[in-house]
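Residue numbers (the UniProt record's numbering), protein chains in the order written: chain U, 1 to 219; chain Y, 1 to 219. Structure record follows, encoded as structure tokens.
There are 2 protein chains.
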Amino acid sequence: MHSTAEENYIKAIYKLSGNGANAVSTTGLSDMLATKPASVSDMLRKLSAKDLVHYVKYHGVQLTEEGQRVALKIIRKHRLWEVFLVQKLNFTWDEVHEVAEQMEHVKSELLVQRLDEFLGHPRVDPHGDPIPTEAGELPEMEQRALASLEVEQKGVVCRVKDSQPAFLQYLNRVGIQIGTQLQVVDKIPYDNSLEISINKNKSVILSSDVLEKIFVINP
Amino acid sequence: MHSTAEENYIKAIYKLSGNGANAVSTTGLSDMLATKPASVSDMLRKLSAKDLVHYVKYHGVQLTEEGQRVALKIIRKHRLWEVFLVQKLNFTWDEVHEVAEQMEHVKSELLVQRLDEFLGHPRVDPHGDPIPTEAGELPEMEQRALASLEVEQKGVVCRVKDSQPAFLQYLNRVGIQIGTQLQVVDKIPYDNSLEISINKNKSVILSSDVLEKIFVINP
DNA sequence: ATAAAAGTTTAGGTTTGTCTAAATTAAATT
DNA sequence: AATTTAATTTAGACAAACCTAAACTTTTAT
Ligand SMILES: [Mn+2]
Ligand SMILES: [Mn+2]
Ligand SMILES: [Mn+2]
Ligand SMILES: [Mn+2]
Chain U
1 MHSTAEENYI
11 KAIYKLSGNG
21 ANAVSTTGLS
31 DMLATKPASV
41 SDMLRKLSAK
51 DLVHYVKYHG
61 VQLTEEGQRV
71 ALKIIRKHRL
81 WEVFLVQKLN
91 FTWDEVHEVA
101 EQMEHVKSEL
111 LVQRLDEFLG
121 HPRVDPHGDP
131 IPTEAGELPE
141 MEQRALASLE
151 VEQKGVVCRV
161 KDSQPAFLQY
171 LNRVGIQIGT
181 QLQVVDKIPY
191 DNSLEISINK
201 NKSVILSSDV
211 LEKIFVINP
Chain Y
1 MHSTAEENYI
11 KAIYKLSGNG
21 ANAVSTTGLS
31 DMLATKPASV
41 SDMLRKLSAK
51 DLVHYVKYHG
61 VQLTEEGQRV
71 ALKIIRKHRL
81 WEVFLVQKLN
91 FTWDEVHEVA
101 EQMEHVKSEL
111 LVQRLDEFLG
121 HPRVDPHGDP
131 IPTEAGELPE
141 MEQRALASLE
151 VEQKGVVCRV
161 KDSQPAFLQY
171 LNRVGIQIGT
181 QLQVVDKIPY
191 DNSLEISINK
201 NKSVILSSDV
211 LEKIFVINP
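Below, the structure is given as structure tokens:
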């Protein structure tokens, strides 16, 4: 089997590559994993020997078919555990990521299967991220970044693309969660921030940084 | 915090010492952990430096107060996860141990607390082993080994002291589980095996090996 | 086209947890 | 009490996963 370290590299490559599309750089990985580039080079040589990645020295790395299968399995487990923590153990969405980072490495096919059943085959995790199916498919959803809405346009929050507690707690404070109704009240061209009304109620100004991390569907 | 390897040593010392009472030998540990005695010596030096054990070279090892606290926390997590797997995910009692061995190392106080609540503060795990409380107490239950019963005496199975799938599957086959009513029909002095009737029904002969691993309370 | 800068890899270490083989200590036998 | 045997520890290695410093490619700027 694969070690926890290997699994974390595979997951990081998957995420940085934009679901397997592009090649990923050594420094990109070292940033994401909080290791040094030298350590990444070592690991890439190893993953390459195991045929989990295509690795061309100095030119980046991509997952093989097998590597992608492995990545999706880990992500499936991570997101199922997040659902479990929120729905069954009353965790909040800002408390789950760190724990799921540990649980995703527990090895048992039966466990994942049964957990999925127990949760009623959920489609998305508490942050709105889709859960890969047992067959290894990752359902795509049509959705747009909040940043792309024009004045007057409405949307319902379906996904947030950052699981850091600090970010999620900020959303808690302004009153944004999955399912929240938003409408763009005004646009501030100076810095591309938007004034957003929340649940047809009070409005806040969100920075373009934040706007890029929130996704909505048409209401 | 403590590594998975350290936690496994602490748990092994706890179990071999009979709940902290006696000193434990290097070979005893190497047997239980499937490592070589030399590796055990190394680890004991390390645990001793961390004040988790009292270690006197050539004379065995015992857990410190702190070591016992750590041991009971790990055992608490192990047994709570076993309950979860059986009661919520429909695992059988012979399927849970291996998975719980992994889950017991997940670090999150909140997780243990919430899991305990979710399960309704269970007292015993699927093998009848008591679950240490949050305060670190291990409730003792009066119970006797099946081996100690005389002819005609009855008992209700409350605990089995071996979690190997092969053993538990053997019990499944003869029809013994937690709560099963047993009565000693006859004693075979030659090898100390007993003929046991199961649920007032068909009877089987159990070896003294097996009899030592099954515990009963008075019906 | 060359030189500087940025990104990446290699060389050589460290820590953790394991191993084998040799040395040491304790226990059991004579 | 001396000797043999068994248990345990130490010495020296190794793999995994990380590090720093130095060397090497690739990219960017002059
Ligand atoms: Mn997450
Ligand atoms: Mn998530
Ligand atoms: Mn168990
Ligand atoms: Mn158990």
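Virtual Cβ for every residue (Gly too), placed ideally from N, Cα, C. Values in this document were obtained by computation on a predicted structure and should not be read as measured data.
| Asked | Found |
| --- | --- |
| Quick one: does Q102 of chain Y have its CB under 8 Å from some CB of chain U? | yes |
| Report whether the distance from the Cβ of E104 of chain U to the nearest heavy atom of ligand 2 is below 7 Å. | no |
| According to the neighbour-count rule (16 or more other Cβ atoms, all chains shown, within 10 Å of its Cβ), is G179 of chain Y buried or exposed? | exposed |
| Hey, would you say Q153 of chain U sits closer than 8 Å to V184 of chain U, going by beta carbons? | yes |
| If you run the structure through DSSP and keep just helix, strand and coil, what is Y170 of chain U? | helix |
| Going along the chain, which residues of its own chain have a beta-carbon closer than 6 Å to the beta-carbon of A100 of chain U, five neighbours each way excluded? | H78, W81 and E82 |
| Considering only heavy atoms of ligand 4, does any lie closer than 7 Å to the CB of P126 of chain Y? | yes |
| Look at the Cβ atom of V24 of chain U, then the Cβ atom of Q62 of chain U, and state whether they are nearer than 8 Å. | yes |
| If the criterion is Cβ atoms closer than 8 Å, does the pair I205 of chain Y and E212 of chain Y meet it? | no |
| At which residues does the alpha helix (DSSP H) containing E7 of chain Y begin and terminate? | T4 to L16 |
| Suppose contacts are defined by Cβ-Cβ distances below 8 Å. Is V160 of chain U in contact with G128 of chain U by that definition? | yes |
| Taking a contact to mean a Cβ-Cβ separation below 8 Å, would you say T64 of chain Y touches L52 of chain Y in this structure? | yes |
| Is the distance from the Cβ of S208 of chain U to the Cβ of S197 of chain U below 8 Å? | no |
| Use the C-beta contact count for D42 of chain U: other C-beta atoms within 10 angstroms, 16 or more gives buried, fewer gives exposed. | exposed |
| Leaving aside the five residues before and after residue 246 of chain U along the sequence, list all residues of the same chain whose C-beta is less than 6 Å from its C-beta, in chain order. | Residue 246 of chain U lies beyond the range of chain U shown here (1 to 219); nothing can be said about it. |
| Extract the residue ranges of the beta strand (DSSP E) inside the segment 88-168 of chain Y, only unbroken runs of 3 or more that lie entirely within it. | 154-160 |
| To the nearest angstrom, report how far apart I10 of chain Y and K200 of chain U are at their CA atoms. | 57 Å |
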